[in-house]
Each structure stands twice: as C-alpha cells, then as structure tokens.
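Below is one structure, written out as structure tokens, with a few remarks after it.
Numbering (my numbering), first residue to last: 3 to 410.
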C-alpha cells in the first residue's frame, strides 16, 4: 500500500472534512427525500439537495473511502499481511452486517435486500485490501472496464424489465433542459430468492457493485499519490481531468436527451440518472468529486498545513467524520421510526409524502443537531457501545492475539 515511513503522520484534514460534509448532506438529503411530498419535489430546495448535492455526493463519499484505505494503511507497517487482511475482513464484514441491520431496523426485514451504501462499503473494504497487490494502472483499468461494462451487462442480462423502463423527468431542470435528468417513478421491488438477492447486490440495488465500486477503486489510486507526496505536482492535471469528465458527462447527458427511446439502463449516450447510475452520470460524478476533493486538499493539506486551525463548520465536519458509522446508522432510524409511529396511530404510511420541502429541510437540520449533541454526550460517558466501539472490540479480540504472537 506504499506506506509512509513517518511514524506519526498527521491526518489529512480535507479528507475528514469532506467525509463529514458528505454525511451531513446525506442526512439533509434523506430527510428531504423520505419526508418530502409531491409539492416538495417541485421546489429548487428539493432539487438542490437531492440532485446537485446528492448525485455527486455519494460518488465522492465512496472515493474518499478509497483514499482513506490507503491513508490508514500507511500507519500499520508493523503488521503482517495476513493480519492486515484479517483486520480488513473483520471490518468489511462488520460494516456489511451493520448495513443490513440498519435497513431492517429502519424499514423492516423486507427491505434488507435493497442494498444501501454501507453494504457496498463493507464489500469494497475487502476488495481494496486485495488491490494493495496491484499496480495503480491496473486498478484504474479495472475501474474503467466496470464503467464501460455496466450498461452492457445490465442490458445483456435481461434485467432491464425490473425497472419496467418507468422513469420520469426531474421536474425542475426539465423546464430548462427537457429530458436531461430522470428519476425512477417508483422503488424497485425486492425479493428473498437467491437470484433476486445476487442480482440486487451486483446490479439493481440502491448501491450495487456495478458500477459503484469504481469510485473506491479510483480513490485508492488517488490515495497512493497522496502518500507518495505527488498530489501537489498532479494537482493541475487532476483539476483539468475533473473538468473534462464533467464536460463529457454533461455533454453525453445532453446528447442523450435529444435522442428518443434510448435506454438509461443499457445505453451510453443517454440522459443523466442517479438510480440506476447512467453512463454519463458516472463521468459527471467522478469529475465533480475529483475537483472538490483536491481543491479542499490543496486548501487544507498543502497550503494550510502549517496553520491547521479549524473554523466551526470544518470542526463540525471532522467530528462527524470521526463518528461516521454511528452517525449514518442512527440517522436512518430517525427517519424510519417516526414514519412507522405515525403509521401505527393513523394507519397511513407517509413515506415520500409527509410534508413540504421547508419543514423537511428543518427536520434534517434538527436531526444533524440532535445526532451531534447526542454523540458528544455519549463521548463524555466513554463512547461505549457506539458502532466504532464494537468494531474496535471485535478487531482486538479476533486479531490482537495473532499480532502479539507476531511481535514476540
């Protein structure tokens, strides 16, 4: 993993800030989406959160995950490859299991197989460990092949009918650029058959392996450049690459909007779509993520490395980043449980139909405040039983004994 020789390497502030920012935005976006009604959908506030922030934010979050794998790995030069793999496997399985438990607690057992981002991250944790044995050019090639093959595979494997080609134009942007951005008209059905589970995990879930794993793979290569202290030299190229990818993505999306009858699922010159992630959207997400990550990396970790004072927003984001797993897990419960309680008392399930855009936005802000305050109180009492605490305990019990034997 090209570890850094320095034993006490400082954390990259930009990575913590971007991860925390993405998590806070996810809370605001999810409250808007799950609580927002039909009137909310037709507002710029809903569009800005769900599409301007949300459509690139998930890709950026996964890219940060890949970078973090490299940055954390450079600190463990004293461990054997076997023990490092064991630790990665424990972490990956734990995150994967937490993702399934979160879906069951928030939405009920029948929603387990909709495959949230946590299950993808758990799987990617193990995949990225194996990438440490590959040269960077081959990892980028794998990411490019995944991007190119995903539309083809979705078409060839005859899974397009699952979506029933039932998409609708995103109302706000379609007034200016008709047909450039689409959303599915409804949630995909989930099933308990082996075929449905595997198919959802690989292709049709909310965050399937194809194409979403290409973002952690790309981040992994960028992380290698960071620890090799090459980013300052690479920065002009990366920013130019980001702009080119955004232009290509938006250009392909616009060209696709001019073609009638194209398949968002299996086509290449097609409109933009987040779910499923269309081919042009992959370009746009990658480009915006690279631009944002490395502008902030320059500001905080290159230009500002000698004065690492944080303002309140940056301090908030770094705090959230350090509690990322618990923060993300709990925010879904804050969405799912109130909807369930309302259903118990009224007999109506108001998911996607509870309130307007402004009240939903206020609920999201209140949830962020509640989670941060709750985590700080929890921290004052030792942080015991947080998900990060459970992961630490599991790692210590299952992997520390071998580490002690290796150090003898």
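Cβ atoms here follow ideal geometry from the backbone N, Cα and C, with glycine treated the same way.
Asked: Beta-carbon proximity of residue 412 to residue 98, cut-off 8 Å; Found: Outside the shown range of the chain, which is 3 to 410, sits residue 412, and nothing can be said about it.
Asked: Span separating the alpha-carbon of residue 351 from that of residue 223; Found: 44 Å
Asked: Pairwise C-alpha distance: residue 391 and residue 316; Found: 24 Å
Asked: Beta-ladder partner(s) of residue 275, from DSSP; Found: 184
Asked: Per DSSP, cross-strand counterpart(s) of residue 38; Found: 357
Asked: Alpha carbon of residue 148 to alpha carbon of residue 281, nearest angstrom; Found: 11 Å
Asked: DSSP state of residue 2 mapped onto helix, strand, coil; Found: In this structure the chain extends from 3 to 410, so residue 2 is not present and cannot be described.
Asked: Proximity of residue 170 and residue 334 at Cβ, strictly below 8 Å; Found: no
Asked: 7 Å Cβ shell around residue 227 - same chain, five flanking residues per side excluded; Found: 233, 236
Asked: Own chain, CB closer than 7 Å to residue 87, minus 5 neighbours either side, in chain order; Found: 131
Asked: Residue 93 burial status per 10 Å Cβ neighbour count (16 or more: buried); Found: buried
Asked: Proximal residues to residue 33 (C-beta, below 7 Å), its chain only, five neighbours per side dropped; Found: 337, 362, 365, 366, 369
Asked: First and last residue of the uninterrupted beta strand (DSSP E) at residue 171; Found: 169-171
Asked: Residue 21 burial status per 10 Å Cβ neighbour count (16 or more: buried); Found: buried
Asked: Buried versus exposed call for residue 261 [16 or more other C-beta atoms within 10 Å across all chains shown]; Found: exposed
Asked: For residue 349, three-class secondary structure by DSSP; Found: coil
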